[in-house]
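Residue numbers (the working numbering): 1 to 325. Report on one structure; see the data block that follows.
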């Protein structure tokens, strides 16, 4: 994994024009362990605007050039097989790097893979007990969704240590050039299959200023054991970036036990508005546990030397132990 600290391991690419990009890569394993960590490379490419200042992403804020068919500078299709803009990609790696360091330092045995590999296989390998979604995994295709739903339904737990997951539907198609280049397509149509039916929560907004994470789960809830947390406890600064929340409409409910709202936290949105971020947990009929941290602050907090960091580390340790036993 690339590292966002002082000992980075990015492969730096320089083209004939002197433009620099990076190539993050995931070192997988041939024999899966009980814990499989997925890295959202599809989301990396959605935000990638290589070459910076000249290229396009699926977003208008960092795309150059003329307006497209979508009505802004954002592209509706981008090359998947291109270098990554250094600035755009480092913005996303803040989730995966601290997770990799923490898993290694604590001796957790995990296999790493990409979301693209899960989509290509169309299935989660036998022997995997839990899939851990690292950070900001916003762009999914139908094969990945179906693979994770099928895994949950046969007893494989799903641990989302982030937020804004499965918000947009994508497809990966061959380039018209016929030279092997793949094209990532997203027409900005929300998924017809709501993320909450798998995750227990779904996208709830962008946080303008970091806010406390407030416990609503009952004292004695197994996730809170060893943390010292109780109803009303707050973890400073944990609600940040983008967040999820549970919606109560009947059509959005996942099969299984009722969704437990572990935390419910008010936060300030942009333009002076407010919102609610929630962490959720439920158990599917198969016995699989599904957890959604509901904040992009979760994996960075694994490295914090603070009461917030200590509590997040304990909860994550407990989640992995329960999900992989």
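By construction, the Cβ of each residue, glycine as well, lies at the ideal position given by its N, Cα and C atoms.
Exposure of residue i, with buried meaning 16 or more beta-carbon neighbours within 10 Å
i	result
residue 202	buried
residue 106	exposed
residue 14	exposed
residue 45	buried
residue 173	exposed
residue 137	buried
residue 169	buried
residue 281	buried
residue 71	exposed
residue 11	exposed
residue 236	exposed
residue 270	exposed
residue 55	buried
residue 330	In this structure the chain extends from 1 to 325, so residue 330 is not present and cannot be described.
residue 114	buried
For residue j and residue i, the rounded distance between their alpha carbons
i	j	result
residue 310	residue 41	29 Å
residue 121	residue 94	27 Å
residue 22	residue 258	44 Å
residue 34	residue 17	45 Å
residue 239	residue 177	44 Å
residue 231	residue 279	14 Å
residue 267	residue 242	11 Å
residue 188	residue 220	42 Å
residue 319	residue 132	10 Å
residue 323	residue 19	44 Å
residue 167	residue 141	10 Å
residue 182	residue 51	17 Å
residue 69	residue 302	41 Å
residue 101	residue 108	10 Å
residue 314	residue 262	15 Å
residue 96	residue 84	16 Å
residue 326	residue 193	No answer is possible for residue 326: the residues shown for the chain start at 1 and end at 325.
residue 38	residue 218	31 Å
residue 285	residue 104	32 Å
residue 205	residue 244	7 Å
residue 8	residue 250	Confidence at residue 8 is low in this model, with a pLDDT of 36, below 50, so the placement of that residue should be treated as unreliable; the coordinate-derived value is given next. Answer to the nearest angstrom: the Cα atoms are 46 Å apart.
residue 283	residue 73	43 Å
residue 306	residue 175	48 Å
residue 264	residue 143	32 Å
residue 246	residue 208	20 Å
Same chain, Cβ closer than 6 Å to residue i, neighbours up to 5 away in sequence not counted
i	result
residue 233	215
residue 111	29, 32, 33, 36
residue 210	237, 240
residue 129	34, 324
residue 212	234, 236
residue 127	32
beta-carbon residue i near the ligand MN non-hydrogen atom, thresh 6 Å
i	result
residue 105	Ligands in the displayed structure: none, and consequently the ligand MN is not present.
Same chain, Cβ closer than 8 Å to residue i, neighbours up to 5 away in sequence not counted
i	result
residue 47	57, 58, 59, 62, 88, 89, 91, 92
residue 152	158, 198, 284, 286, 288, 290
residue 125	32, 36
Same chain, Cβ closer than 7 Å to residue i, five either side skipped, listed in chain order
i	result
residue 139	42, 43, 46, 168, 170, 186
residue 321	none
residue 116	41, 42
Any chain C beta carbon closer than 7 Å to residue i
i	result
residue 52	Here chain C cannot be found, since the structure has a single protein chain.
> Looking at C-beta atoms only, is the number of pairs between the segment 221-230 and the segment 74-84 that lie closer than 8 Å three or more?
Replying inline: no
> Are the segment 21-37 and the segment 56-73 in contact at 8 Å, needing three or more beta carbon pairs?
Replying inline: no
> What residue ranges within the segment 245-286 form continuous beta strand (DSSP E) runs of no fewer than 3 residues, ordered along the chain?
Replying inline: 260-268, 274-283
> Within the chosen definition, does the segment 151-159 reach the segment 290-299 through at least 3 CB pairs nearer than 8 Å?
Replying inline: yes
>> Ignoring anything shorter than 3 residues, give me the beta strand (DSSP E) runs that lie fully in the segment 93-137, in order along the chain.
In response: 110-114, 130-135
> Is the segment 162-170 touching the segment 296-314, taking contact as three or more C-beta pairs under 8 Å?
Replying inline: yes
> When the Cβ atoms of the segment 113-120 are set against those of the segment 249-266, are three or more pairs found closer than 8 Å?
Replying inline: no
> Does the segment 138-155 come close enough to the segment 192-212 that 3 or more CB-CB pairs lie under 8 Å?
Replying inline: yes
>> Please give the ranges of any beta strand (DSSP E) in the segment 193-252, keeping only runs that are unbroken, at least 3 residues long and fully inside the region.
In response: 202-206, 211-214, 234-239, 242-245
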